[in-house]
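Novice: I have a structure here, written as structure tokens, and I will follow up with some questions on it.
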Amino acid sequence: MIRTLRRLTPWFLMGPVTGPLAEGVFRNLRANNPGLASLYCLAAVVSFYDLANYGGRAMIYLHHWMSH
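See below:
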């Protein structure tokens, strides 16, 4: 548990959404899986765009829609 937390902490310093997505890009590029890495990259770009332009409302609406 502590080892996992130590491994993930630098990524979470980037942000609660951006960090794990950047970590997914990095790990999948390292594992030679560019298709999945590009999907993580696309998700990071969309989430950053949503946060910058709409304050994260699209993510809130998506979460609300998926929980019902």
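Count along the sequence shown starting at 1, add 2, and that's the number in the working numbering. Note that CB positions come from ideal geometry on N, CA and C, so glycine has one too.
Would you please state the rounded distance, in angstroms, between the beta carbons of Ala39 and Leu23? I believe it to be under 8 Å.
Specialist: Rounded, the Cβ-Cβ distance is 10 Å, inconsistent with contact.
Novice: Determine the DSSP secondary structure at Ala39, reduced to helix, strand or coil.
Specialist: helix
Novice: Given Gly26, which residues of its chain have a CB within under 6 Å of its CB, disregarding the five upstream and five downstream residues?
Specialist: Tyr42
Novice: In the structure shown, what three-state DSSP assignment does Leu64 receive?
Specialist: helix
Novice: What does a CB cutoff of less than 7 Å around Asn30 pick up in its chain, not counting 5 residues either side in sequence?
Specialist: Leu38, Ala39 and Tyr42
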